[in-house]
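A.B. asks:
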Ligand code: IPE
Ligand code: IPE
Ligand code: MG
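In the numbering used here, the protein residues as written are 99 to 350.
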C-alpha cells in the first residue's frame, strides 16, 4: 500500500533551520489606514519588507522561501488596487531581477498563468529562466495563486494522463498528484508564517501544508522585520513535530 508518507517533508536543513518557510504577507492595507495613507502606500512599503526578508532568508541559509503575493481571490478588489498590485509586481521583477540573479537566487512562480496579461507572464517567465541555474535560495512567488485552483489543475493533468493511457488508475497516488502541482519538486513548507494577526490560510498551499507548523504574528507586513522572522524561526525550532507518530523519546 502506498501510504504517501514519502511525500510528507520531514526534513529540516542540517543547520536545524526549516528548509522551507512560506509567508502570507498580510496587513498592507491596515498599515496604510492606521497612518491615514492610501492602501497603495502599504503595498509599496510591503515590497521593501519583501526585499529585506528575501535577503535575510538567503543570508541565514533558508533553502526555499515562498511568498504569497496575489491570490486568485484578490481580483475581487477594486480595479485600481489590482492595477497597482500588478504594477508593483512588474516594478519588482524589473528592478530586482538582476540583483536576485547575481545573489544566486532561483525564482519559481506558482499560480495560474493563463489569466495573466501577456507582459506579466513574460516577466515571470524571464525571472524563472534567467535564474534557473542558480543554486542558492529558491524564491517561490505565489502569484495569481489559489490552492484549490492548483489542485484542480493537477487533477485535470492526472485525468488527461489516465485518459491517454499514460497513467494506470491504480497509480493515482499522493505522489502522482504532488508531482503535478505547481510546487512539484519543492519540499512541503516546514513553517507557514502569517503577519497582521489573521489566523487563516486564505487558500494558500492547502495540499502542501498537511504537516506545516504555523506561526501568526501581529505585525502588519510593512512593519515586519528580519528580527521578527528570526523569532518565528526560534518558535518553530521549539515545536515538536510528530507527523502522526509518537514523540522521539517515547518511541525509543
Ligand atoms: C496583503 O495586504 C497584500 C495582498 C493581499 C496583496 P492586504 O492588502 O490584504 O492588507 P489588509 O489585510 O487589507 O490590511
Ligand atoms: C491573502 O491575504 C493573500 C495574500 C497575502 C496575497 P488576503 O488579505 O487576501 O486574505 P483574506 O481575504 O483576509 O482572507
Ligand atoms: Mg489582507
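Where is the CB? At the ideal position from N, CA and C, for every residue including glycine.
1. Is residue 164 helix, strand or coil by DSSP?
2. What's the gap between the Cα of residue 243 and the Cα of residue 341?
3. What are the boundary residues of the alpha helix (DSSP H) that includes residue 133?
4. Let me have the residue list for ligand 3: C-beta closer than 7 Å to any non-hydrogen atom, ordered along the chain.
5. Given 7 Å as the limit, tell me if residue 173 has its C-beta closer than that to any heavy atom belonging to ligand 1.
6. Alpha carbons only, please: which of 332, 324, 187 and 319 is nearest the one belonging to residue 123?
7. Could you spell out the range, first to last residue, of the beta strand (DSSP E) harbouring residue 210?
8. For residue 260 and residue 250, which I take to be in contact (beta-carbon distance under 8 Å), what is that distance rounded to the nearest angstrom?
9. If we call anything under 8 Å between Cβ atoms a contact, is residue 187 one with residue 167?
10. Contact between the stretch 280-294 and the stretch 201-209 is defined here as three or more beta-carbon pairs at a separation below 8 Å; is this criterion met?
11. When the Cα atoms are used, what is the spatial distance from residue 147 to residue 322?
C.D. replies: Reading off the structure:
1. strand
2. 26 Å
3. Where residue 133 is concerned, there is no enclosing alpha helix (DSSP H), given that its DSSP letter is neither H nor E.
4. A residue is listed when its beta-carbon falls short of 7 Å from at least one non-hydrogen atom of ligand 3; in chain order these are 124, 125, 127, 294 and 296.
5. No, Cβ of residue 173 sits at least 7 Å from all heavy atoms of ligand 1.
6. 319
7. That residue, residue 210, is in no beta strand (DSSP E); it is neither H nor E in DSSP.
8. With 8 Å as the limit, residue 260 and residue 250 do not qualify as a contact, their Cβ atoms being about 15 Å apart.
9. yes
10. At 8 Å Cβ cutoff, the stretches touch.
11. 7 Å
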